[in-house]
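Engineer:
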Amino acid sequence: MVDAFICPRCHQPLRTDDRYCQNCGLDLAVEATIGELLADENLQTGDARSLEPEILVPRLGDALVSQGKITPKQLEVALRYQAEQATLGRSVRLGRALIELGYLDEASLDEAITLQILQLQEALKQANRELERRVEQRTQELRQALLRVSELNQIKANFIANVSHELRTPLTLLRGYLDMMKDGAFGEVTAEQAQALDALLRSATRLEKLIDDLILFAYAERGELTLTLTNNYLQDIAAQVVENHRYSAKVKGISLEARIEPDLPPVHCDRDRIAWVMDELINNAIKFSSAGGKVSLAILYHQGIVTVSVHDQGIGIPAQRLAEIFEPFHQLDGSTTRRYGGTGLGLALVTRIIEAHGAQLRVESEVGKGSLFEFSLPAIGEDHARESSGYR
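Numbering (this note's numbering), first residue to last: 959 to 1350.
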């Protein structure tokens, strides 16, 4: 048995698979789409007026006049008739008013509306074509802009690398002579002179680290960051890094502790790069912590993964600005730069080194309470395939 529906125009039965009414030729798909749009409009506005296609056709009267189906005078009369009916509480569409006045028949109205729908469809196609053209044009402009940015980044990286190498040579010479002077190679050194030389050597060390960081950044920007992967015990690396920061932490009145799980398995990594990462994370933790605070380095093992974390009780980072801390040469604000110093390269390089190891740097932070930086590397060796010892 075939289910039957009724044509909205001629009220003749339809089959469920009909696209056009077999009796009057009405396009049922268009009619259904119009009906849905009108139904949505009525539901939103609470308008319970009859659903007619002409609601979607703008300036129907002008179109009928231009097509010669009615005269301007008839349009004027129809509009007055429509206004009069409205004062009586009866809403009448313009097309219905023209029909009731005898100026137009159903077929002519449908024909006019169909023509306008076709015109609107063609206009929509043209608008889509123009939109596609503009999108393609903007996309091409964006590609060119991104290419230019890439070129500028390459120029910047090359410049940084060249300048850094040029700075390293005289600094090496300067440091060499300072060491010789401190060792008495040019004569006996007094206690005051030794203190001055120590201050100069510390400054030279800081400048040397800055130059090394700039060179490392330049390599990373050019995609030339290489890793020398070997089997290493992170606890050995961490012990040395923590020891290197004991003095700076003590000077600031900060407690520096290491929580390292015993008998950790080795990991496959670049020893120098991971040591640099630990050093940078601890240095930042101390830098942004106040006297009386605590900085801790933890290394734990669980289900084949060795996790390194550095936690501090420093100033913290607003959640909405976490992404900014990984931008090269960027500080969160000017006052932070003046108060804490630094180039803004450290964490940018940390992420590149960690990602080069196939890992991710995870960050948790709360303003006024501190931050946690953490990364994990897979353990190696069958002898170390054990469950977590439960140390936390």
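Ideal placement from N, C-alpha and C gives every residue a C-beta, glycine not left out. Because the structure is a prediction, the values reported are computed rather than measured.
Only counting runs of 4 or more residues, tell me where the alpha helix (DSSP H) segments fall wholly within the region 1080-1137, in order along the chain.
Structural biologist: none
Engineer: Taking a contact to mean a Cβ-Cβ separation below 9 Å, would you say Glu1215 touches Leu1255 in this structure?
Structural biologist: As a working mapping, residue 1215 is identified with position 257 in the sequence shown. As a working mapping, residue 1255 is identified with position 297 in the sequence shown. The answer is yes: Cβ separation under 9 Å.
Engineer: Select from Ser1247, Glu1282 and Glu1332 the residue whose C-alpha is nearest the C-alpha of Lys1210.
Structural biologist: Within the sequence shown, numbered from 1, the residue matching residue 1210 stands at position 252. Selected option, being the one with the closest Cα: Ser1247.
Engineer: Using only alpha-carbon positions, find the residue among Met1138, Ile1057 and Pro966 that is nearest to Gln1032.
Structural biologist: Your numbering for residue 1032 matches position 74 in the sequence shown. Comparing Cα-Cα distances from Gln1032 to each of Met1138, Ile1057 and Pro966, the minimum goes to Ile1057.
Engineer: Within 10 angstroms of its Cβ, does Gln1271 collect 16 or more other Cβ (buried), or is it exposed?
Structural biologist: Position 313 of the sequence shown, counting from 1, holds the residue named residue 1271. Per the 10 Å Cβ criterion, buried.
Engineer: What separation, rounded to the nearest whole angstrom, lies between the Cα atoms of Gln1153 and Met1139?
Structural biologist: Locating residue 1153 in the sequence shown gives position 195, counting from the first residue. Locating residue 1139 in the sequence shown gives position 181, counting from the first residue. Each residue's Cα considered, the two are about 12 Å apart.
Engineer: Could you tell me which residues DSSP pairs with Lys1252 in its beta bridges?
Structural biologist: Numbered from 1 along the sequence shown, position 294 holds the residue referred to as residue 1252. Partner(s): Ser1213.
Engineer: Just to confirm, is the Cβ distance from Leu1100 to Ile1169 under 9 Å?
Structural biologist: Position 142 of the sequence shown, counted from the first residue, corresponds to residue 1100. Position 211 of the sequence shown, counted from the first residue, corresponds to residue 1169. Result no, Cβ atoms of Leu1100 and Ile1169 do not sit closer than 9 Å.
Engineer: Give the range of the beta strand (DSSP E) segment to which Phe1333 is assigned.
Structural biologist: Here residue 1333 is taken as the residue at index 375 of the sequence shown, counted from 1. Start and end: Gly1328 to Pro1336.
Engineer: Between the Cα of Ser1203 and the Cα atoms of Glu1238, Leu1192, Glu1182 and Cys1227, which residue gives the shortest distance?
Structural biologist: As a first step, residue 1203 must be located in the sequence shown, where it is residue number 245. Note on residue identity: the sequence assigns His, not Ser, to residue 1203. Ranking Glu1238, Leu1192, Glu1182 and Cys1227 by Cα distance to His1203 puts Glu1238 first.
Engineer: Helix, strand or coil for Arg1320? Go by DSSP, reduced to three states.
Structural biologist: Residue mapping note: residue 1320 aligns to position 362 of the sequence shown, counting from 1. Arg1320 falls in the strand class under three-state DSSP.
Engineer: For Leu1187, which of helix, strand or coil comes out of DSSP?
Structural biologist: Looking up residue 1187 in the sequence shown gives position 229. If DSSP states are grouped into helix, strand and coil, Leu1187 belongs with the strands.
Engineer: Given this structure, state the Cα-to-Cα distance separating Gln1198 from Thr1097, to the nearest angstrom.
Structural biologist: The residue labelled residue 1198 in the question sits at position 240 within the sequence shown. The residue labelled residue 1097 in the question sits at position 139 within the sequence shown. For Gln1198 and Thr1097, the distance between alpha carbons rounds to 51 Å.
Engineer: What's the gap between the Cα of Leu1131 and the Cα of Ser1206?
Structural biologist: The residue you call residue 1131 lines up with position 173 of the sequence shown. The residue you call residue 1206 lines up with position 248 of the sequence shown. Rounded to whole angstroms, Leu1131 and Ser1206 show a C-alpha spacing of 26 Å.
Engineer: If you drop the 5 nearest sequence neighbours on each side, which residues of the same chain put their C-beta closer than 6 Å to that of Lys1252?
Structural biologist: Stepping through the sequence shown from its first residue, residue 1252 is reached at position 294. Counting only Cβ-Cβ distances below 6 Å, and skipping sequence neighbours, we find Ser1213 and Gln1271.
Engineer: Indicate whether Asn1242 and Phe1331 have their beta-carbon atoms separated by less than 9 Å.
Structural biologist: On the sequence shown, residue 1242 is found 284 positions in, with the first residue counted as 1. On the sequence shown, residue 1331 is found 373 positions in, with the first residue counted as 1. Cβ atoms of Asn1242 and Phe1331: closer than 9 Å.
Engineer: What first and last residue would you give for the alpha helix (DSSP H) that runs through Val1199?
Structural biologist: Start at 1 with the first residue of the sequence shown, and residue 1199 comes out as number 241. Its alpha helix (DSSP H) spans residues Leu1192 to Asn1202.
Engineer: Between which residues of its own chain and Asn981 is the CB-CB distance below 8 Å, once the five residues before and five after are set aside?
Structural biologist: As a first step, residue 981 is located in the sequence shown; it is residue number 23 there, counting from the start. The beta carbon of Asn981 lies closer than 8 Å to those of Cys965, Cys968 and Gln970 in the same chain, with the five residues before and after it left out.
Engineer: Within 10 Å of its beta-carbon, does Gln1040 have 16 or more other beta-carbons around it, so buried, or fewer, so exposed?
Structural biologist: Counting from one through the sequence shown, the residue named residue 1040 turns up at place 82. That one is buried.
Engineer: With H, G and I counted as helix, E and B as strand and the rest as coil, what does DSSP make of Thr1265?
Structural biologist: Stepping through the sequence shown from its first residue, residue 1265 is reached at position 307. Strand, per DSSP.
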